[in-house]
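Chemist:
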Amino acid sequence: METSQNPVNDMVLHKLRDIHLPDPVSFYPLPMAWWIMITVVILLSIGLWLLVQYRLKAAQRTALKKLDQLETELASHDNQAVIFMELSYLLKHYVKNQYPNSLASGLIGDDWLNFLDRTSHSKEFSQGAGKTLRTLPYQNNKRSSLEVFSAVRLWIKQNPYKTKKHIVL
């Protein structure tokens, strides 16, 4: 057996330790940069969703403003026929906007009222106050006219977005 000639080398070799790897990086707690990035992504997602919702409801807001204007005009004007022509135009224009894949805006009479009932899931237009939508321009009944405005307002609020559904006529 050979012995080391240098006692200093023996002491140094004796003091050496085995290689130690550092502890693995843990997943949690996350560094502050990750928390900031997660927060920014969540806030951007919420902001984008709100922007899309706002733009989708633009036509509804416009229609409701015009409906309020028509209702105000009805209270101050005697020419009820013109106002109800404009109401009908507003409703047809809104339907054309909201249901672009259908020919619903071209319907007239009972077919038109039945379409409005199907899309509102009620009988408000064919059997309720909305039924007078066809005959009201030829009558002079302010009470009925206000009920029609309420029915139209409710219908517009129930149909806020453009739809890609195909409506069976």
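Each residue of the sequence shown is one higher than the one before, counting from 44 in the working numbering.
For glycine and all other residues, C-beta sits at the position ideal for the given N, C-alpha and C.
Mind checking K108: buried by the 16 CB within 10 Å criterion, or exposed?
Modeler: It is exposed - the Cβ of K108 has fewer than 16 other Cβ atoms within 10 Å.
Chemist: For Q48, name the three-state secondary structure that DSSP assigns.
Modeler: It is coil, neither helix nor strand.
Chemist: Give the DSSP-derived three-state secondary structure of L64 in the structure shown.
Modeler: Note: L64 maps to coil in three-state DSSP.
Chemist: Would you check if the distance between the CB atom of L130 and the CB atom of V84 is smaller than 8 Å?
Modeler: Going by C-beta atoms, L130 is not nearer than 8 Å to V84.
Chemist: Taking only runs of the alpha helix (DSSP H) that begin and end inside the region 93-175, which ones reach a length of at least 4 residues, in chain order?
Modeler: If we require 4 residues or more, the alpha helix (DSSP H) runs fully inside the region 93-175 come out as 101-119, 123-141 and 152-163.
Chemist: Using a Cβ-Cβ cut-off of 8 Å (strictly less than) and excluding sequence neighbours within five positions of L59, which residues of its own chain qualify?
Modeler: So the list is empty, once near-sequence residues are dropped.
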